[in-house]
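Student: Here's a structure for you.
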Amino acid sequence: MAEPSLPTNRTALLRRRNSLIALGLSAILFVAVNVLAQGLLTGARLDLTKDKLFTLSPGTRAILGRIDEPVTLRYFFSERLGREIPTYAAYGKRVQDMLGEFAVASRGRLIVETYDPQPFSDVEDRAVALGMQAVPIDQGGEQVFFGLSGSNSTDDKETIAFLAPERERFLEYDLAKMVQSLANPKRKVVGLITDLPLEGDMMMMMRGMPTQPWYVMETLRQMFEVRTLAGDIDRVPDDVDVVMLAHPKTLGDKAQYAIDQFVLKGGRALVFVDPYAESEAGRPNMMGGPPKAGASDLPKLFQAWGVEMVKDKIAGDRANARRVNAGSAGRVVPADYLAWLTMRQGNINQDDPLMSNIGQVNMASAGILKKREGATTKMEPLITTSPQSMAVDVAKLTGGPGGQPDVVGILREFKPGLEGLVLAARVTGDAATAFPDGPPKPKEGEAAAASAPKPDEKPLPPQLMKSQKPINVIVVADTDLLDDRFWVQVQDFFGQRLAVPTANNADMVANALDFLAGGGELVGLRGRGTSVRPFEVVRAIERDAEARLRGTERELQDKLNEVKKNLRDAETGDKTGSTASLTPQQQQTIEKFRAEMLDTRKQLREVQLGLRRDVDRLEAVLRFINIGLVPIVVALIALAVGAVRLARRRRRAAHA
């Protein structure tokens, strides 16, 4: 009776042998595939992130592909820094991987060398000599390094003294900018005319006080040769590629004529004007008076170019307003300040190549641009507010206590329009001169000086009456976006200035200059990873709650002030302030006012808490989804899969 079981045992042995053979072949196949992949697919990557954060941008690849002579990058990373602080270990690996990607994409023209500077070693001495920032890691004084130095065949050098993790979002940009500077040492020339202290405040320098250039200038000087031009020039130097005008409030007709002719002959211009320059409000007045925010406009040039800035108006935008404290240090009153705007991708023209990768631009009291009627040029908006916008009088910005803006008052009077307002635009097309009657004549007293011959001075060329080629000008109706306090946090890091941008303001300026100067490789990557993802739903709930409850809060506050006044009058006894004994009726009145005051305060607190109630409810829902719901769903799926497998096993056992 046992003989029928022999085939079954033999079959089981065959199955086991075949399984072992299949397992061995699978292991061999696995090793073979990995070896082939390592050899043939070294540069292949699959990036599934939404913004392709781990994929080299086309701009970076273009820069790497145009390296003519070898460029060497020396990466200094102390292994002890990674062992002591895991955050730096992860970021150090990210930097090393990114450098590897750069080397592969350059096809051998970019050489990456990695060093671990040990204490008192030749490598440590070399790191110090190349400008790396040494940071103490313990009380014993041992120093660690985490920086990058680059050089080219002509001994040009670029250095990132310390790769701070705070700038991880800008890693590709920093590396690509370094490689571009080394691969193309000759930089484009930007002629700068400004009434802002972009290079540092001269008033503070004269008083012996320390001052620093605005960080946007440090960024631009790393990419361009920035040459400051006088405000009374009669011509733009021939080697200037782009003219940048920043708050040109004192620009005379002679200099405007020079800009006019420069643009008509094919030169490019980037112009920043402002109906209310808040960056000036914090600067001391040269005449000794109180600080005052000034305005700048170029109506003569703008008319020729077919654009205008609305006079004495700024753009207020409810959807993009920044939240500020409209109260005092002791009493916080959060409110949306319509004049301070955070413009995001929905407000930025992503179809324009210079703005396509700009995620966020912070602006303050920005003006409004319009196309002139009958203009022969085309005005293409670059930054536009949301439809929840209105034009606000400049006078409103100084209508609050102490000359400060009345944030709540502006918000209370807000009446949205039906379309967005243009804050920055590109102007292209054919244009005529802004000086049809000829060059401006010298003013009285300047005629003699102008007629006197100057050595080596060439005569002015014949006036151009119309553009030789389509003009290309970018106009931005805000100068405060250049100010550090609106878009960057600058910190001192062991004697080094460490800048952590909160918006892409400098990226936008550099993009514009790079594009106008005829470049463009960095346009595709500048701004990568810098866009801040706001909680749009939370912001919408906050705005709705504020609009619904702010009126009630104001009524209760007025009622509370009136009750306090009545209580003071009742306690004094009469208008003369007599302190005679109060009658029982007066005491009853006082108690009534006190009870009413307490009740009003209670209602006021409930209204103020109501401003956060919907947000807190949403936060609780999100916490449940992230902490509780996902594990519950995973557990249910696991139970379902287990139940299906158990049912299959039972069916197999029943059939057997």
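Counting from 1124, one number per residue, gives the positions in the sequence shown under our numbering. Where a beta carbon is used, it is the ideal one built from N, C-alpha and C, also for glycine. Please read all numbers here as calculations on a predicted model, not as lab measurements.
1) Once the 5 residues before and after Pro1336 are set aside, which same chain residues still bring their CB inside 7 Å of it?
2) When you compare the segment 1485-1501 with the segment 1454-1473, are there three or more beta-carbon pairs, one atom per stretch, that lie closer than 8 Å?
3) Within its chain, find whatever has a CB closer than 7 Å to the CB of Gly1389; leave out the 5 residues flanking it on each side and keep chain order.
4) Roughly how many whole angstroms lie between the Cα atoms of Gly1375 and Trp1428?
5) Compare the C-alpha of Phe1609 against each of Pro1240, Val1598, Pro1624 and Val1599 and name the closest.
6) Comparing alpha-carbon positions, which option in Arg1197, Asn1141, Gly1264 and Thr1602 lies nearest Ala1404?
7) Hey, out of Leu1387, Val1194 and Pro1308, whose CA is closest to Thr1556's CA?
8) Between Gln1384 and Ala1378, what straight-line distance do the alpha-carbon atoms span, to the nearest angstrom?
9) Residue range of the beta strand (DSSP E) that Glu1503 falls in?
10) Would Leu1352 and Leu1298 qualify as a contact pair, given that the criterion is a beta-carbon distance under 8 Å?
11) Which two residues bound the contiguous beta strand (DSSP E) that contains Thr1521?
12) Judging by CA-CA distance, which residue of Asp1318, Ala1600 and Val1365 is the nearest neighbour of Lys1372?
13) What first and last residue would you give for the beta strand (DSSP E) that runs through Trp1428?
14) How far does the alpha helix (DSSP H) with Ser1304 in it extend, from its first residue to its last?
15) List the endpoints of the continuous alpha helix (DSSP H) containing Val1764.
16) Taking the alpha-carbon of Lys1309 as reference, which of Ala1600, Glu1341 and Glu1348 has the nearest alpha-carbon?
17) If we count Cβ pairs, one from each stretch, closer than 8 Å, do we get three or more for the segment 1533-1540 versus the segment 1471-1479?
18) Put Val1623 into one of helix, strand or coil per three-state DSSP.
19) In the DSSP assignment, what residue or residues form a beta bridge with Leu1547?
20) Near Gly1205, which residues of its chain fall below 7 Å by C-beta distance, leaving aside the five closest residues on each side in sequence?
21) Measuring only the C-alpha atoms, how far is Pro1584 from Gly1552?
22) Under 8 Å, do Ala1548 and Val1598 count as touching if we go by C-beta distance?
23) Can you tell me whether Val1218 is helix, strand or coil according to DSSP?
24) Going by C-alpha distance, which of Leu1759, Arg1467, Ile1186 and Val1613 is nearest Val1302?
25) Would you check if there are 3 or more beta carbon pairs closer than 8 Å linking the segment 1502-1513 to the segment 1429-1440?
26) Does the Cβ of Ser1201 have 16 or more other Cβ atoms within 10 Å, making it buried, or fewer, making it exposed?
27) Just the C-alpha distance for Pro1193 and Arg1391, rounded to the nearest angstrom, thanks.
28) With respect to the beta strand (DSSP E) encompassing Ile1186, which residues constitute its N-terminal and C-terminal limits?
29) Alpha carbon to alpha carbon, what distance is there between Leu1752 and Val1780?
30) Does the Cβ of His1370 have 16 or more other Cβ atoms within 10 Å, making it buried, or fewer, making it exposed?
31) Can you tell which of Val1531, Leu1546, Ala1518 and Pro1528 has the C-alpha that lies nearest to the C-alpha of Lys1494?
32) By the three-class DSSP mapping on this structure, what secondary structure does Ala1555 have?
Tutor: Looking at the coordinates:
1) If we look at Pro1336 and ignore the five residues flanking it on each side, its Cβ neighbours are Leu1321, Glu1322 and Gly1323.
2) Taking one beta carbon from each stretch, the segment 1485-1501 and the segment 1454-1473 have 3 or more pairs nearer than 8 Å; the two touch.
3) Residues of the same chain with a CB within less than 7 Å of the CB of Gly1389, apart from the 5 flanking positions on each side, are Gln1591 and Lys1592 in chain order.
4) Distance from the CA atom of Gly1375 to the CA atom of Trp1428, rounded to whole angstroms, is 18 Å.
5) The residue with the shortest Cα to Cα distance from Phe1609 is Pro1624.
6) Relative to Ala1404, the option among Arg1197, Asn1141, Gly1264 and Thr1602 whose CA is nearest is Thr1602.
7) Looking at the Cα atoms, Leu1387 is the closest of the given residues.
8) Taking the straight line from one Cα to the other gives about 10 Å.
9) Thr1500 to Thr1507 is the extent of the beta strand (DSSP E) around Glu1503.
10) It is not a contact, given that the beta carbons lie outside the stated cut-off.
11) Thr1521 -> no beta strand (DSSP E), and no H or E assigned at all.
12) When each option's Cα is compared against that of Lys1372, the closest is Asp1318.
13) Going by DSSP, Trp1428 is part of no beta strand (DSSP E) but of the alpha helix (DSSP H) stretching over Pro1422 to Trp1428.
14) Per DSSP, Ser1304 belongs to the alpha helix (DSSP H) from Leu1294 to Ala1306.
15) Segment Val1753 to His1778, the alpha helix (DSSP H) holding Val1764.
16) Of Ala1600, Glu1341 and Glu1348, the smallest CA-CA separation from Lys1309 is found for Glu1348.
17) Segments in contact, no.
18) Three-state DSSP puts Val1623 in a strand.
19) According to the sequence displayed, residue 1547 carries Ala and not Leu. Beta-bridge pairing links Ala1547 to Ile1506 and Val1599.
20) Cβ within range, chain order: Tyr1211, Ala1212 and Gly1215.
21) In this structure, the straight-line span from the alpha carbon of Pro1584 to that of Gly1552 is close to 23 Å.
22) Against a cut-off of 8 Å, the Cβ pair of Val1598 and Ala1548 comes out as a contact.
23) The answer is helix: DSSP assigns Val1218 an H, G or I state.
24) Checking every option, the nearest Cα to that of Val1302 belongs to Ile1186.
25) Yes, since at least three Cβ pairs between the segment 1502-1513 and the segment 1429-1440 fall closer than 8 Å, the two stretches touch.
26) So Ser1201 counts as buried.
27) Distance between Pro1193 and Arg1391, taken at the CA atoms: about 33 Å.
28) Ile1186: not part of any beta strand (DSSP E); member of the alpha helix (DSSP H) spanning Pro1181 to Gly1188, first to last residue.
29) As displayed, the chain neither begins before 1124 nor continues past 1779, which places residue 1780 out of reach and without an answer.
30) With 16 or more Cβ atoms within 10 Å of its Cβ, His1370 is classed as buried.
31) Checked all of Val1531, Leu1546, Ala1518 and Pro1528; the closest Cα to Lys1494 is Leu1546.
32) Annotated three-state conformation of Ala1555 is strand, per DSSP.
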